[in-house]
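Chemist:
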Amino acid sequence: MGLVAAAFVWWPRGDKVTVTGDFSRAVGLFPGSDVRVLGVHVGQVTEVEPRGETVRVTFEVDEDVKVPADAKAAVVAPSLVSDRYVQLLPAYTSGAVMKDGATIPRERTAVPVELDRISQTLDELMVALGPEGANKEGALTRMLDTSARNLKGNGQNLNDMNRGLSQAVQTFAEGRGDLFATVKNLETFTGMLAKNDEQVRRLNTDLSKVSDQLDGERDDLEAALKNLAVALNEISSFVKDNRTVLTKDVEQLTGLTTAVASKRDALAKTLDNAPGALSNLQLAYNPASGTLDTRSNIEGLDDPALILCSLLTGPTGTGNANPNLCTLLQRTIPKGGLPVPGVLNLPGLSALPAAFTVPGVAATLAPSAAAASPEKPTAETVDVTIRGADATLGGLLPKEDKP
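Residue numbering for the sequence shown follows the UniProt record's numbering, beginning at 1 and increasing consecutively.
#1: Where does Ser79 land, buried or exposed, given buried means 16+ other C-beta within 10 angstroms?
#2: Quick one: is residue 459 buried, meaning 16 or more other Cβ sit within 10 Å of its Cβ, or exposed?
#3: Is Ile104 helix, strand or coil when you go by DSSP?
#4: State the CB to CB distance for the pair Arg36 and Val45, rounded to an integer number of angstroms; the pair is presumed to be in contact (CB under 8 Å).
#5: State buried or exposed for Lys209, treating a residue as buried only when at least 16 other CB atoms are found within 10 Å of its CB.
#6: Taking only heavy atoms of the ligand ADP into account, decide whether any of them is closer than 8 Å to the Cβ of Pro68.
#7: Could you have a look at Phe30 and say whether DSSP puts it in helix, strand or coil?
#8: For Ala74, which three-state DSSP category applies?
#9: Strictly by DSSP, which residues pair up with Leu89?
#10: Compute the beta-carbon to beta-carbon distance between Gly32 and Ala73, rounded to the nearest angstrom, for a pair I have assumed lies under 8 Å.
#11: Could you check how far apart the C-beta atoms of Pro75 and Val111 are, in whole angstroms? I think they sit under 8 Å.
#12: Measure how close the beta-carbons of Arg106 and Ser24 come, nearest whole angstrom, since I'm counting them as under 8 Å.
#13: Per DSSP, what are the beta-bridge partners of residue 433 in this structure?
#14: Assign Gly175 to one of three DSSP states: helix, strand, or coil.
#15: Look at Val19 and Glu114 and say whether their C-beta atoms are less than 9 Å apart.
#16: Does DSSP put Val67 in a helix, a strand or coil?
#17: Can you give the Cα-Cα distance for Glu137 and Arg149, rounded to whole angstroms?
#18: Got a sec, what are the start and stop residues for the beta strand (DSSP E) Asp62 sits in?
#19: Is Glu49 helix, strand or coil when you go by DSSP?
#20: Just to confirm, is the Cβ distance from Glu47 to Lys16 under 9 Å?
#21: So, is Lys195 buried or exposed, given that buried needs 16 or more other C-beta atoms within 10 angstroms?
#22: CB-CB under 8 Å to Gly388, same chain, minus the five flanking residues each way: which ones, in chain order?
#23: Among Asp116, Met143, Arg117, Ile118, whose alpha-carbon lies nearest the alpha-carbon of Leu129?
#24: Closest to Pro90 by C-alpha separation, out of Ala102, Leu38, Thr54, would be which residue?
#25: How would you write the range of the beta strand (DSSP E) that Gly21 sits in, first residue to last?
#26: Helix, strand or coil for Asn286 per DSSP?
#27: Within the continuous alpha helix (DSSP H) that includes Thr247, where are the two ends?
#28: Hey, how far is the Cα of Gly216 from the Cα of Glu222?
#29: Give the DSSP-derived three-state secondary structure of Ala372 in the structure shown.
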């Protein structure tokens, strides 16, 4: 018998972890009620003690059951008449463990809504809407009558509306990705506007000024638009009446533009050289004499046969002229220049040297011009009338005394 008693004393028993919780109510909760985690029994209630506006419930949990240190406690009613139990949640996964003597505050406890509380609330609502409340003067009755008249015969429309709303909600649900992306882009856009608030304000100010200016010129704009409408009408009529002619003109214009486009390189060179040529022409004009003072840089004047042969064979020397013709020209025309006709033997030219050189051109006066003497003009000398403002050719000819 002593051995049995000693074994009972020293036999290891499972220890408990005692926890207390403060609840707003503890209806249907008694000592011995279950304590569960995920619906599994892990302990029982040992004491229910009212404390003013709260009720302190003390319960024990098996030591081998780990409960999170920040766990919550809720009173659960499986049915309207059965006993209730305390549910601890959430289940432990990791972290600190609730220790013996821990307390769960009221902020982490929950109790179900009682049926009598629901009945009391409904009773208060009916009293508020009854003859002593909102319907004291029949306002609620009139609202119900008006709603009934408005909804009468619109059952199908209400059904269609609900169906459409359901489809719209489903569409939004299916396109929630795009919707969220749109909202995100709008957020980015509004953030950009907020960041550039000064520029946006300046833009609004400028738009306001433009609007004021357009408002001040409203009559002119109206007249311009009316004239534009008339002009467009006339243009439309003109195009309609001359459709065939305009078509031909456009076709011809196409050919012209094609031709111009094909010569664009030449046009480009012309446009490049034209300013210089016009400038040279302006510089060559002599306003005192009304003439163009120019100088010709022509090479090969001392060999006329070579010039004629070049003209016959072309610039590349590949013309169809007979080579014997060039030989005949070289034998016939002497090298050194042709004799100057007598009509060019002017008296004033005797002051010039018998031979002179122009830059870029080698030319020799004919012997007939060199032999001419101003004191003894030849019989071929004639009077030549020089037209222009300067009759002396820039001082080459002597001035004649007027009688």
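The C-beta atom is built at its ideal place from N, Cα and C for all residues, glycine as well.
Just so you know, these numbers come straight off a predicted model, no measurement behind them.
Modeler: Quick answer:
#1: exposed
#2: Shown here, the chain extends from 1 to 403; a query on residue 459 therefore has no answer.
#3: strand
#4: With 8 Å as the limit, Arg36 and Val45 do not qualify as a contact, their Cβ atoms being about 11 Å apart.
#5: Under this definition Lys209 is an exposed residue.
#6: No copy of the ligand ADP occurs in the structure displayed, which carries no ligand at all.
#7: coil
#8: If DSSP states are grouped into helix, strand and coil, Ala74 belongs with the strands.
#9: Lys72
#10: 17 Å between Cβ atoms; not a contact.
#11: One point to set straight first is that residue 75 is Val, not Pro, in the sequence displayed. Val75 to Val111, Cβ: 5 Å. Contact.
#12: That belief holds up - the Cβ atoms of Arg106 and Ser24 are roughly 7 Å apart, short of 8 Å.
#13: As shown, the chain starts at 1 and ends at 403. That puts residue 433 outside it, with no answer to give.
#14: coil
#15: Contact check for Val19 against Glu114 fails: the beta carbons are separated by 9 Å or more.
#16: coil
#17: Straight-line Cα distance between these residues: approximately 20 Å.
#18: 54–62
#19: strand
#20: no
#21: So Lys195 ends up on the exposed side.
#22: Residue confidence is low: Gly388 scores 42 on pLDDT, short of 50, so the model does not pin down where it sits. Its coordinate-derived value is still stated next. Closer than 8 Å at the Cβ level, and outside the excluded window around Gly388, lie Ser289, Gly290, Thr291.
#23: Met143
#24: For Pro90, the closest alpha carbon among the candidates Ala102, Leu38, Thr54 is that of Leu38.
#25: 16–23
#26: strand
#27: 243–262 is the span of the alpha helix (DSSP H), which, as asked, contains Thr247.
#28: One C-alpha to the other measures close to 11 Å.
#29: Confidence is the limiting factor: at Ala372 the pLDDT is only 43, short of 50, which leaves the residue's position unreliable, though a coordinate-based value still follows. Coil, per DSSP.
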